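Add 1 to a position in the sequence shown, counting from 1, and you land on the number used in our numbering.
In what follows, a structure is listed as structure tokens, so that the remarks can point back to it.
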Amino acid sequence: MFSDQKSMTPHRGRASTGGSFPPFDVTLEDLRTLMEFRGDEAREKINTDYGGTDGFCQRLQTDPNNGISNNADELHRRRQVFGKNEIPPHPPKSIFMLVYEAIQDVTLIILLIAAAVSLALTFYRPQEEEGGSSDDSEQEAGWIEGAAILVSVIAVVFVTAMNDYTKERQFRGLQKKIETEHKFAVIREGQQLHVIVNELVVGDIAQIKYGDLLPTDGILIQSNDLKIDESSLTGESDHIKKSVEHDPMLLSGTHVMEGSGRMVITAVGVNSQTGIIMTLLGAAKNALEDERKEKQKEEKKTRRRSKTSGEKLPNSTLPIDGDIGRQPPEITIDDGTKQALLENEENIKLDGYNGAVASGAATAGKNEIDIATTKKERSVLQAKLTRLAIQIGYAGSFVAVCTMLILVVRFCIENYFVAHKPFSITNLNYFIKFLIIGVTVLVVAVPEGLPLAVTLSLAYSVKKMMKDNNLVRHLDACETMGSATTICSDKTGTLTTNRMTAVQSFINEVLYKDTPKWEKLNEKTRDLLIHCISINSSYSSQVLPPKKVGENMQQLGNKTECGLLGFVLSLGQSYQTIRDAYPEELIFKVYTFNSVRKSMSTVIELKDGFGTTFGYRVFSKGASEITLRKCRWIFGQNGLAPFSEHNYDRLMRDVIEPMASDGLRTICLAYKDYILKKDEQAAGNEVIYDGEIEWDDENSIINDLTVIAIIGIQDPVRPEVPEAIAKCQRAGIVVRMVTGDNINTARSIATSCGILKPGEDFIALEGKDFNERIRNEEGEVVQEKLDLIWPKLRVLARAQPTDKYILVKGIIDSKLSANREVVAVTGDGTNDGPALKKADVGFAMGIAGTDVAKEASDIILTDDNFTSIVKAVMWGRNIYDSIAKFLQFQLTVNVVAIVIALVGALAIQDTPIKAVQMLWVNLIMDTLASLALATEPPTEDLLKRKPYGRTRYIR
């Protein structure tokens, strides 16, 4: 099919761009109309108008199994006909707009007015008074002060505007970096590729899995237990079950909460559902803004009449332009829709990704800096600086008012009461001068250079942190890490290498400390073993030959599954041969892994030599102690045997606990057969059925299993982690491990890392015990009970994502510590989102993390390594210390200038340091000090002091 595509000729809608490509049998308008359908109506529409998903794919000239051609001309053609997967970003503010915003500062406006009046008065020459004449030389030089103040203010405004312009450019660069990190799996020419989301095109066959954030609209063509969170678009919190038979419509910006599948992409960029909504939001905001301006004009003209708020403006029409040289159908927005869209804007959680969630969608009328800084209520350092700025403002205002009053009162007394001089208009010059001095004192008192210092320090740090494998998504996370007192870390991949290897196995009641010989294994058991591993795992998980000689095998996909697949290869067998015999599209049902199940199960059909189905086989794998509880049979040395409570206790004691104590993750492999009712006698572990099986009754299906084997998988501790944790401990930061592994494995790894040390009075708990200790009789979490646990808690095993959230929230809310705790947390799963958002700093895994986790995070660890968190702590403390140094330096100068101004006003009715001089000193001092202090690199010495915490004052 791909060779034929090279002769296609696209034209408008049904075709094409010039060339020899045949036209598409579906237009952009057809696709937009189709994506408005939902549920069974959508399925009916696809079946009736397009002949099902296969017919629909044919119209889009794509193959459900092999995808489209990866030819550049073919991709370009699709982008021209159906649009690019981009949403135009919100245009940046011009330098003139930034200048206008900078000049809105009240103190600068007062200075400008005062300088203008001062200039005007210098050119006013009154008639000579009796007894003397004006000093011409003094009058001629009088304009200099006013002009100098004007120049100073202009310089301050332009420096501020350029600072804001640079800040916005840097943030957009950071946003673009984040977007290029987001890739999506597609099938092109039969090969799975990971493509940057803005390069996706209509007709691509996309692989979707647990944790993905969908970057385009699409139609499901194959699914396994798929559930989608559509709350970002609809506001509905319930997860929507999706299937080819019932509801195949997938929308951009929604989250895959469970399962996996494949979809054909139907709409990208501004034509996707998210793109349409974000464009509507922009139009609605503009329309409402126009309405507000119009009303303001009306009110000015008709102040004495009542407001005409009841008048209704005509509906506005919104053309949505794609990069296709044409316009989709117009969409009208009434006033109610505008308001509803604006009110629901926060439901569209689209920060940081391109395509259907591109930078344009991320802004949607807000600039990106607002989104970045409003994610958390306020960073720890920002809260302290705000408090300090308010205190300085009060003090500066008091001194400025006192200085001005003293000068005015003294001038009036000396001239009008003592010398009995009459009031002259030239006296206004003195009062303007006193006002300028007072305002200048206020300007000097307030550290305007502080935002510049913070911005420069953050910008410098963010750029350098990228080299330390920290991709910062929210700028304030950098400074907050400097105050961190607790790090709640995952185990797998963060503290360990995330390179899984099966090193022990328990098969036919024999414990193997190394790989067993294939020929020595029971024939039936070994066949079930390799089929269970090969079929009951994501087909995207693969173990491939090394890229270079001497390197390890490549592990792609889920690392636990890769460890099991590697075990199949070590037995001398091929998992790919088995997968070819059972292609993914022929799998009957999948119960995907999630944090609640702690297991994955796959159902396949059993067929005889004539292709007739005579039953089903359920393969299951999962956490050993959980899966074993669901087993009723086991393959022993003498064949099939019942699996009793006694056998369970013996396996736990003799096999699983010793493996876990060696730091191994133990996986139980099991199966179950459903056999159609027949005359022959069934085996003891077979389930006979007659009629329909209730596949949605998971508790019944995944029960009465037969144990095939228990595999012990090693995930060694990263060699650099123990030293990194020791650095954290010396720096006064407590590291806590939160993991889904069992308590023995977690305790072993924690001891190897140095989180747990012999002789120390720290505790390790399982999630179940943790919840029992912190909840009351009604099941509610009690902060007082949690306060008894968390200070000594170092390991939380078999933890659910809710346990992690409760722990993080409890530590943050606790008031046990004198300076309050500041918590950082790592996460990689979809359900880690709440904990990542609640934490002061959320770290997502760049390699193993899901899109949902990355979206909820503040910093992405591009190497998934704990040592990178230590680097973030160093940079955070460096920012904190740099800003503290700047404040010490500037406040020293400011206090001296203020005291001189105040004493001068009292003593000589003038200030030794003139207003112009103070302004220029303030400007130059701010800029140069910011540059000097904000760009100091961090050192290891920063980790030798304790963290400052949440409430301690800046020192």
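Note that CB positions come from ideal geometry on N, CA and C, so glycine has one too.
All values reported here derive from a predicted model rather than from experimental measurement.
Judged by DSSP secondary structure, HIS240 falls within the beta strand (DSSP E) whose first and last residues are 240-243.
According to the DSSP assignment, GLU606 belongs to the beta strand (DSSP E) that extends over 600-608. A direct Cα-to-Cα measurement between LEU944 and ARG731 gives close to 7 Å.
Note that the C-beta distance between ARG821 and ARG951 is below 8 Å. Residue environment: ALA840 is assigned as buried (16 or more neighbouring CB atoms within 10 Å of its CB, all protein chains considered). Between the alpha carbons of ARG170 and THR936 lies a distance of about 19 Å. Under the 10 Å beta carbon count, ARG651 is surrounded by fewer than 16 other beta carbons and is classified as exposed. A distance below 8 Å between beta-carbons, with the five flanking residues on each side excluded, links LEU706 to the following residues of its chain, in chain order: VAL619, SER621, THR628, LYS631, CYS632, ARG633, TRP634, ALA671, TYR672 and LYS673. Counting along the chain, no beta strand (DSSP E) covers LYS94, and no H or E run does either.
Residue burial is scored here from C-beta neighbours: LEU29 has at least 16 other C-beta atoms within 10 angstroms and is therefore classed as buried. For ILE209, the enclosing beta strand (DSSP E) covers residues 206-210.
Take TRP519, set aside five residues on each side of it, and the residues of its chain with a beta-carbon closer than 8 Å to its own are ARG527, LEU572, GLY573 and GLN574, in chain order.
In this structure, the straight-line span from the alpha carbon of THR740 to that of ASN499 is close to 13 Å. The segment 778-790 makes no contact with the segment 580-595, as fewer than three CB pairs between them are under 8 Å. With respect to the 8 Å criterion, THR481 and VAL842 are classified as neighbours on the basis of their beta carbons. GLN223 carries a strand assignment under DSSP once its states are collapsed to helix, strand and coil. Here LEU252 is actually not in contact with GLN223; their C-beta atoms are around 18 Å apart, not less than 8 Å.
The alpha-carbon of ILE709 is positioned some 7 Å away from that of ILE508. Residue pairing by DSSP puts ASP64 in a beta bridge opposite GLY68.
Put simply, of LYS560, THR54 and ALA747 the residue whose alpha carbon is nearest the alpha carbon of SER244 is THR54.
For VAL619, DSSP records a beta bridge to VAL604 and LYS673. Contact between the segment 204-216 and the segment 252-272 is present: 3 or more CB-CB pairs across the two stretches fall below 8 Å.
Closest option to ALA460, judged by alpha-carbon separation, among ASP469, VAL445 and LEU476: LEU476. The DSSP-derived three-state label of ALA186 is strand. Within the same chain, LEU757, ALA765 and VAL796 come within 7 Å of ARG748 by CB-CB distance, once the 5 residues on both sides are set aside.
In the three-state DSSP reduction, HIS421 falls in the coil class, being neither helix nor strand. For ALA836, the closest of GLY811, LYS816, GLY847 and LEU817 by C-alpha to C-alpha distance is GLY811.
TRP876 is positioned such that its CB atom lies no closer than 8 Å to that of SER602.
Annotation: the continuous alpha helix (DSSP H) that includes MET660 extends over 658-662. Linking LEU99 to THR456 through their CA atoms gives a straight-line distance of about 16 Å.
In summary, ASP942 is exposed, with fewer than 16 beta-carbon neighbours lying within 10 Å of its beta-carbon over all protein chains present. In the DSSP assignment, GLY685 falls outside any beta strand (DSSP E), carrying neither H nor E. Setting aside the 5 residues that flank it on each side, SER600 is surrounded in the same chain by TYR592, PHE594, SER621, LYS622, GLY623, ALA624, ILE627, THR628 and ILE703, each with a C-beta closer than 8 Å to its C-beta; the list follows chain order. Taking all protein chains shown into account, GLU779 has fewer than 16 neighbouring C-beta atoms within 10 Å of its C-beta and is therefore exposed. In this chain, the alpha helix (DSSP H) harbouring THR578 covers 576-582. A contact between stretches requires three or more CB pairs, one per stretch, nearer than 8 Å, and the segment 822-835 fails this requirement with the segment 428-438.
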